[in-house]
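Written below as structure tokens is the structure these notes are about.
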Amino acid sequence: MKDIRNYCLKEHNTFKIDVLADRFISFDDSSEFIQFAQGNNALFNNKFLITGEGSNLLFTKDFNGTIIHPETKAIGVVRESSDYIYIKAEAGINWDDFVADTISRGGFGLENLSLIPGTVGASVVQNIGAYGAEAADFVDSVDYFCLSDFKVKTISKNDCDFAYRNSIFKNELKGKAIVLSVVYRLSKNAVCNTSYADIQNYFKAGEELNPSKIRKAVIDIRENKLPDHKKIGNAGSFFKNPIIEKQQFVELIKKCPDLRYYELPDDRYKLAAGWMIDQCNLKGYEHKGAAIHENQALVLINKSGKTTGDEVSELAEIVHAKVFQKYGVELEPEVIIL
Ligand SMILES: Cc1cc2nc3c(=O)[nH]c(=O)nc-3n(C[C@H](O)[C@H](O)[C@H](O)COP(=O)(O)OP(=O)(O)OC[C@H]3O[C@@H](n4cnc5c(N)ncnc54)[C@H](O)[C@@H]3O)c2cc1C
Numbered sequence: 117m118k119d120i121r122n123y124c125l126k127e128h129n130t131f132k133i134d135v136l137a138d139r140f141i142s143f144d145d146s147s148e149f150i151q152f153a154q155g156n157n158a159l160f161n162n163k164f165l166i167t168g169e170g171s172n173l174l175f176t177k178d179f180n181g182t183i184i185h186p187e188t189k190a191i192g193v194v195r196e197s198s199d200y201i202y203i204k205a206e207a208g209i210n211w212d213d214f215v216a217d218t219i220s221r222g223g224f225g226l227e228n229l230s231l232i233p234g235t236v237g238a239s240v241v242q243n244i245g246a247y248g249a250e251a252a253d254f255v256d257s258v259d260y261f262c263l264s265d266f267k268v269k270t271i272s273k274n275d276c277d278f279a280y281r282n283s284i285f286k287n288e289l290k291g292k293a294i295v296l297s298v299v300y301r302l303s304k305n306a307v308c309n310t311s312y313a314d315i316q317n318y319f320k321a322g323e324e325l326n327p328s329k330i331r332k333a334v335i336d337i338r339e340n341k342l343p344d345h346k347k348i349g350n351a352g353s354f355f356k357n358p359i360i361e362k363q364q365f366v367e368l369i370k371k372c373p374d375l376r377y378y379e380l381p382d383d384r385y386k387l388a389a390g391w392m393i394d395q396c397n398l399k400g401y402e403h404k405g406a407a408i409h410e411n412q413a414l415v416l417i418n419k420s421g422k423t424t425g426d427e428v429s430e431l432a433e434i435v436h437a438k439v440f441q442k443y444g445v446e447l448e449p450e451v452i453i454l
């Protein structure tokens, strides 16, 4: 375990914002951390934040509190049935390393989620999703350290309240749970999910597919589309795709017949936020050290390498205002602004 004061967070957020945390506690052994936390529970009465790789965070100022940072890396098969393999992974494992590991063990399903930055712990907090799949489709259960009674608890998938980029850990259990590990239930039979047009278009018609090929396709597509956060600071999609009610949709489509949207099963409509930002001619737009990526309007970047969280946040407000002015639709950040 490490316990450091006045710790620089620049390497702990993918926007590469240069801020300090009052205190930074990292651990690679859950039992050791649990013992420490049980003996120091007053720590959690003050401001604290659990971080993975900081790939969904925007720090606008120094963090005047304690960062709790799991670096636990154990992984193993916990049980198997004729159809499924159950793999348990600790919170600190890099998500994409985990995906690669599951495929090599013959557990399939996560290949569409390849190359999403971040950790296994955050995968369930965020209910990460991409290319027609989301974490919730495969979660079996989550072990977390409960900060109300300082005990380890297990919550099953059905109780996690998973929704679009959302879970119980962002609501009822926000600030009350440190995810320690996740059990993913993966299929032993390879069923390739090619529901997304980008994936369909990647392959030749009639080509025989397998999960490794899907993984490679997703990696290639993502590498072509998204800026590499290791080279240029960003946190992926800055805004969520907004969901609107049918009445608003009917009005909007009259005014904008070329609107990009997906119809949801509950009579609501999900709009493509990136397309709307692009229609406001904002691709490449710069604000101080921050900018909108030239090819991906949904991605805000640390263009100068020295931008501040405030500058990125101001840019987000400009985007919000322009989209609202043109479409009457409110964009909501997917990134957590601190
Ligand atoms: C280039 C790029 C592309 C991206 N593409 C996608 C994408 O396709 N789909 C997608 O869904 N997301 C995407 N993201 C967003 C990001 O990868 C996910 O949100 C990811 O799950 C964040 O993981 P993290 O470990 O970095 O979490 P952090 O950003 O550190 O934290 C995110 C949240 O989870 C909480 N948290 C983290 N770990 C724990 C824990 N162990 N216990 C309790 N709470 C915890 C934090 O407190 C915070 O609220 C992208 C990001 C980038 C930079």
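In the numbering used here, the protein residues as written are 117 to 454. Heads up, the beta-carbon is just placed ideally off N, CA and C, and yes, glycines get one too. None of these values were measured; they are calculated from a predicted model.
*Return helix, strand or coil for Y318, following the three-state DSSP convention.*
DSSP, reduced to helix, strand and coil, places Y318 within a helical segment of the structure shown.
*Which residues in the same chain as F355 place their Cβ atom closer than 7 Å to its Cβ, once the five residues preceding and following it in sequence are excluded?*
A389, L414, L447, E448, P449, E450
*asked:* Taking a contact to mean a Cβ-Cβ separation below 8 Å, would you say G225 touches D253 in this structure?
replied: yes
_Residues near H185 by beta carbon distance below 6 Å, same chain, minus five either side_ = S142, T167
*Going by alpha carbons, who is nearest to S328 out of M117, Q151, S220, L159?*
S220
*Burial state of Q242 (16 or more Cβ within 10 Å)*: buried
*Does the Cβ-Cβ distance between L174 and I453 come in under 8 Å?*
yes
*With DSSP collapsed to three states, give me the class of V193.*
strand
*What residue from A216, I133, L296 has the CA that sits closest to K189's CA?*
L296
*What is the DSSP secondary structure of Y280, reduced to helix, strand or coil?*
coil
*C-beta atoms of K304 and G222 nearer than 8 Å*: yes
*Mind the definition here: the region 395-408 touches the region 422-435 only if three or more C-beta pairs lie below 8 Å; say whether that holds.*
Judged by Cβ distances under 8 Å, the region 395-408 makes contact with the region 422-435, as three or more pairs qualify.
*Nearest-angstrom Cα distance between K386 and G248?*
Answer to the nearest angstrom: the Cα atoms are 14 Å apart.
*Report, in whole angstroms, the separation of the C-beta atoms of V236 and V298, which I expect to be a contact under 8 Å.*
Between V298 and V236 the Cβ distance is about 6 Å, and since that is below 8 Å, they are a contact.
*Select from T423, L302, R338, F365 the residue whose C-alpha is nearest the C-alpha of S198.*
Measuring from the Cα of S198, the nearest candidate turns out to be L302.
*With DSSP collapsed to three states, give me the class of D253.*
helix
_Going by beta-carbon coordinates alone, are K362 and C396 separated by less than 8 Å?_
No, Cβ-Cβ distance for K362 and C396 is not below 8 Å.
*Taking Cβ positions, are V240 and C276 nearer each other than 8 Å?*
yes
*asked:* For V215 and Y318, what's the separation of their Cα atoms in angstroms?
replied: 20 Å
*May I have the straight-line CA-CA distance separating G444 from E127, to the nearest angstrom?*
37 Å
*For the beta strand (DSSP E) that P186 lies in, which residues bound it at each end?*
179-186
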